[in-house]
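Worksheet: one structure, shown below.
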Amino acid sequence: MFSWDDNAEFYRPCLILGHSDSNYAINARRALRQLGWDVYLAGTGPEARRLAKMLAAEIVILDTELSEESGWLTCEKLVRDEIPLKVFLVSKTVNPVSEEFRQFVGAAGLISYHDGVEGLVDQVCGDVLTVCDR
49 MFSWDDNAEF YRPCLILGHS DSNYAINARR ALRQLGWDVY LAGTGPEARR
99 LAKMLAAEIV ILDTELSEES GWLTCEKLVR DEIPLKVFLV SKTVNPVSEE
149 FRQFVGAAGL ISYHDGVEGL VDQVCGDVLT VCDR
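What follows is the structure, encoded as structure tokens:
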């Protein structure tokens, strides 16, 4: 799952996590770090966008209810800027309408907040392994 670069230095892909629930964010960061990711927390949508660009993140996970700018809008802006990354949204409401909106804003997936960190890791895991195997 981990890869090495030409200089034999340890490579850890970058992930940005923007969530309004600090306990959820801290637990998710811990779980994702155990999977080999460098995880940076963002408190707002604009901060998540700034970090994603500055750190060349490979995955961004956003709460749909972020402050200053919703995760929906943040996702749409990241996708519109054609930054080469995958965006996952975490929402308290997952239904056919929110799934349609996920497709509209260009998110790779919509994850239920109620599934907890375990659900987040389960749903993102396939993409995590794909990114790590590059």
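Residue numbers for the sequence shown follow the numbering used here, beginning at 49 and rising by one. Cβ coordinates follow ideal geometry from the N, Cα and C atoms, glycine included.
Glu117 has its alpha-carbon roughly 15 Å from the corresponding atom of Ala100. With a contact defined as Cβ atoms closer than 8 Å, Val135 and Val108 qualify at about 5 Å. Our two residues, Val142 and Met102, have alpha carbons roughly 31 Å apart in a direct line. Judged by beta-carbon spacing, Arg77 lies within the 8 Å limit of Leu65, meaning their Cβ atoms are closer than that value. Taken through DSSP and simplified to helix, strand or coil, Asp86 comes out as strand. If the five residues before and after Arg60 are omitted, its C-beta is found closer than 7 Å to the C-beta atoms of Gly84, Trp85, Asp86, all from its own chain and listed in chain order. Cβ-Cβ separation between Val165 and Ala79: approximately 5 Å, consistent with a contact (criterion under 8 Å). In the assembly as shown, Val145 is an exposed residue. Its beta-carbon has fewer than 16 other beta-carbons within 10 Å.
The residue from Val172, Gly167, Asn75 with its alpha-carbon nearest to that of Ala156 is Val172. Cβ atoms of Leu114 and Ser68 come within 8 Å of each other, at about 6 Å.
Put simply, of Phe152, Lys140, Glu147 the residue whose alpha carbon is nearest the alpha carbon of Lys125 is Phe152. Burial check for Glu148: the Cβ neighbour count within 10 Å stays below 16, so the residue is exposed.
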